[in-house]
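Novice:
Numbering (this note's numbering), first residue to last: 14 to 171.
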C-alpha cells in the first residue's frame, strides 16, 4: 500500500474545544476561604479572655453575679503570709475598689501600684475570691549604663 502524496488531503473541520466555565472553581475557592475564616476567627474569639475593671464591675454587678470573671486593676494594701501562702489586697482603678483574697505562691513582680488581673468569683460579702493571679509588668526596658544602675535594678527586684 502506498500513500499518494500528490493529492491534497481533505481537511476535516477541527472540533471546537469546549471552554470550561471558571465559575465552579471560583465558587469552590470562595467557599474554602469562607470556611477557613470561620474556623480561624471562631477559635480566636474562644481563646480571647477579657478582664473587667472594678468600675465596670460596679456598673454591671448583676450581670457578673455568681460568674467566674477576670478582674483587673492596680494593687493596693497588699499583705502576704509566706507560711500560709495567703494573700490579701485591694484591686482598684481609682473609680472603685474591691478586696481580693488569694491562696498560693506569688510572683516576685507582685507589689504595690502594680497592674494585676485575677480570676475568680465574688462571695456574698463582696470579697473577690481569686483562683488565679496574673501580674503585669512594665514594658519599658532600660539598659544599665553604670554599676550604680545595675545595683539599683537589683534592689528594685527584691
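Where a beta carbon is used, it is the ideal one built from N, C-alpha and C, also for glycine.
1) Express the C-alpha separation of residue 116 and residue 141 in angstroms, rounding to a whole number.
2) Please go through the stretch 52-134 and give each complete alpha helix (DSSP H) segment of 4 or more residues, from N-terminal end onward.
3) In the DSSP assignment, what are the bridge partners of residue 146?
4) Grab me the residues of residue 109's own chain with a C-beta within less than 6 angstroms of its C-beta, minus the 5 sequence neighbours each way, in chain order.
5) Can you give me the C-alpha to C-alpha distance between residue 46 and residue 36, rounded to a whole angstrom?
6) Quick check: the Cα distance between residue 50 and residue 145, rounded to an integer number of angstroms?
7) Within 8 angstroms, do at least three Cβ pairs link the stretch 156-166 to the stretch 111-128?
8) Rank 54, 77, 29, 104 by C-alpha distance to the C-alpha of residue 126 and give the top, closest one.
9) Taking Cβ positions, are residue 87 and residue 93 nearer each other than 8 angstroms?
10) Compute every distance between the C-beta of residue 116 and the non-hydrogen atoms of the ligand NAD, then say whether any falls below 7 angstroms.
11) So, residue 64 versus residue 81, is the Cβ gap smaller than 8 angstroms?
12) If residue 120 sits next to residue 102, beta carbons under 8 angstroms apart, how far is it from one beta carbon to the other, in whole angstroms?
13) Compare the Cα-Cα distances from residue 138 to each of 43, 79, 48 and report the closest residue.
14) Give the straight-line distance between the Cα atoms of residue 134 and residue 77, rounded to the nearest whole angstrom.
Specialist: If we stick to the structure as given:
1) Residue numbering aside, residue 141 sits at position 128 when the chain shown is read from its first letter. Residue numbering aside, residue 116 sits at position 103 when the chain shown is read from its first letter. Looking at the two C-alpha atoms, the distance is approximately 12 angstroms.
2) The qualifying runs are 67-72, 74-77.
3) What you label residue 146 is simply residue 133 of the chain shown in a count that begins at 1. Answer by DSSP bridge pairing, in chain order: 131.
4) Residue 109 sits at position 96 when you count from the first residue of the chain shown. Taking residue 109 as the centre and dropping the five residues before and after it, the same chain places the C-beta of 67, 68, 71 closer than 6 angstroms to its C-beta, in chain order.
5) Position 33 of the chain shown, counted from the start, is the residue given in the question as residue 46. Position 23 of the chain shown, counted from the start, is the residue given in the question as residue 36. When rounded, the distance between both Cα atoms is 15 angstroms.
6) For this step, residue 50 is matched to residue 37 along the chain shown. For this step, residue 145 is matched to residue 132 along the chain shown. Those two C-alpha atoms are separated by around 32 angstroms.
7) no
8) Position 113 of the chain shown, counted from the first residue, corresponds to residue 126. Here the closest residue by C-alpha is 104.
9) Here the question's residue 87 lines up with position 74 in the chain shown. Here the question's residue 93 lines up with position 80 in the chain shown. No, these two residues do not count as a Cβ contact at 8 angstroms.
10) As for the ligand NAD, it is missing from this structure, which has no ligand bound.
11) In the chain shown, the residue the question calls residue 64 occupies position 51. In the chain shown, the residue the question calls residue 81 occupies position 68. No, these two residues do not count as a Cβ contact at 8 angstroms.
12) Position 107 of the chain shown, counted from the start, is the residue given in the question as residue 120. Position 89 of the chain shown, counted from the start, is the residue given in the question as residue 102. Wrong, their Cβ atoms sit about 13 angstroms apart, outside the cutoff.
13) Residue 138 sits at position 125 when you count from the first residue of the chain shown. Residue 138 has its Cα closest to that of 79, out of 43, 79, 48.
14) Along the chain shown, one-based indexing puts residue 134 at 121. Along the chain shown, one-based indexing puts residue 77 at 64. Going by the C-alpha atoms only, they are around 9 angstroms apart.
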